[in-house]
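Peer 1:
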Amino acid sequence: MDLLRSMEAFVLTVKTGSFAASAISLNTSPQMIAKYVVFLEDYLGLKLLNRTTRSQKLTEFGKQYYEKCLFILDEVKSSKTLAQQFIEEPKGRLRISAPVSYGHFNLISVLSRFMRCYPKVNVDLQLSDRYVDLVKDDFDIVFRIGELSNSSYIARKLNSYKLIFAASPTYLAKNGIPVTPNDIKKHQCLIYQYVNPTKKDYLWPFSINGKVINIPISGTLKSNDTLALANAAVEGLGITMLPQSMLSELIRQNKLFPILQDFLPPAREVHLLYKSDKQQLPKLKMFIEFITNSM
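Take 1436 as the starting number for the sequence shown in the working numbering and just add one per residue.
#1: Give the C-beta separation of V1556 and K1710 to the nearest angstrom, bearing in mind that I take them to be a contact with Cβ-Cβ under 8 Å.
#2: Taking the DSSP output, what are the residues bridged to I1648?
#3: What first and last residue would you give for the alpha helix (DSSP H) that runs through M1467?
#4: Does DSSP put G1527 in a helix, a strand or coil?
#5: Give me the residue from I1580, F1445, D1437 with the minimum Cα distance to L1708.
#6: Are there three or more Cβ pairs, one per stretch, closer than 8 Å when the segment 1499-1506 is compared with the segment 1445-1462?
#7: Give me the Cα-Cα distance between N1671 and K1621, rounded to the nearest whole angstrom.
#8: Examine the ligand HEM and report whether any of its heavy atoms sits within less than 6 Å of the Cβ of I1619.
#9: Look at the alpha carbon of Q1628 and the alpha carbon of Q1561, and state the distance between them as a whole number of angstroms.
#10: With a CB to CB cut of under 8 Å and the five nearest residues on each side skipped, what residues in its chain are close to D1564?
#11: Helix, strand or coil for T1655 per DSSP?
#12: In angstroms with no decimal places, state the Cα-to-Cα distance between F1641 and R1551.
#13: Going by beta carbon distance, what residues of the same chain come within less than 7 Å of E1582, once the five residues before and after it are set aside?
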């Protein structure tokens, strides 16, 4: 028999003074109310009510247990109200991971609009180019750039991430403008160094006759920070390959000049990853919908 239902029947019996009255409130029979009370007494091992044919009075233990029941049932009601609020209104902490440059130049503007729409959501945004795991690293959402490995997580595809080649007008005036991908071998390239360096750091992809060809590059400056590489390109230290979203304003200001535009690498896929949850909280549900409609 349901313990909380039995407690509710007991409380109503005390408040109304009879099994019949409490039965009406609970839409059941007086006999069923009596069974609830007997169940409680058997469960507790003590009498709650001294019953006669005309009246029923609380025992000394029954009085104390009645107060406890009032408190417990009130807490249950409050818990249900809290759960309902979470179901109806996005609120609480949302922990997000994204690659550094993507976070700066693609995500922040959209995230700011989301937070204005849902001011009760607190966002913890962690930008890092290292691989993070949703569960182990305690994230609600992870943005991934590039091909996805097999995963048990749900993935939503977003707009692709375009990479372009660029250099400053002063660098190109001094060293010449590369016309073909092979010309890049003669130039100083600003090298992005991944968290786990490999030989791939020294290869740049080019689209040539419908195929992707990796061409070796070299340079005297490498960094694990894309913003540092963009600034280095502006200072005339070499050619960079970085996201279009990151370089577009510098190009508009004539601080950088796009090159090799007929040989740009294929746009990289971007996905939003999250755990499968049938009872998805509103903060996560609304964020996923907002991002997939905006990016």
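Where is the CB? At the ideal position from N, CA and C, for every residue including glycine. These figures come from a predicted structure and were not determined experimentally.
Peer 2: With the structure as the only source:
#1: The Cβ separation is near 18 Å, so there is no contact.
#2: According to DSSP, I1648 bridges with F1641.
#3: Its alpha helix (DSSP H) spans residues 1465-1479.
#4: When DSSP states are grouped into helix, strand and coil, G1527 belongs to the strand group.
#5: From the listed residues I1580, F1445, D1437, the smallest Cα separation to L1708 is found for I1580.
#6: By the Cβ test, the segment 1499-1506 is in contact with the segment 1445-1462, since at least three Cβ pairs between them sit closer than 8 Å.
#7: Note that residue 1671 is Gly in the sequence shown, not Asn. So the two alpha carbons sit approximately 15 Å from each other.
#8: With respect to the ligand HEM, the structure offers nothing, as it holds no ligand at all.
#9: Taken atom to atom, the span from the alpha-carbon of Q1628 to that of Q1561 is near 20 Å.
#10: Here the set comprises P1534, V1535, Y1629, V1630, N1659.
#11: It is coil, neither helix nor strand.
#12: When the Cα atoms are used, F1641 and R1551 turn out to be separated by approximately 40 Å.
#13: The answer, listed in chain order, is E1704.
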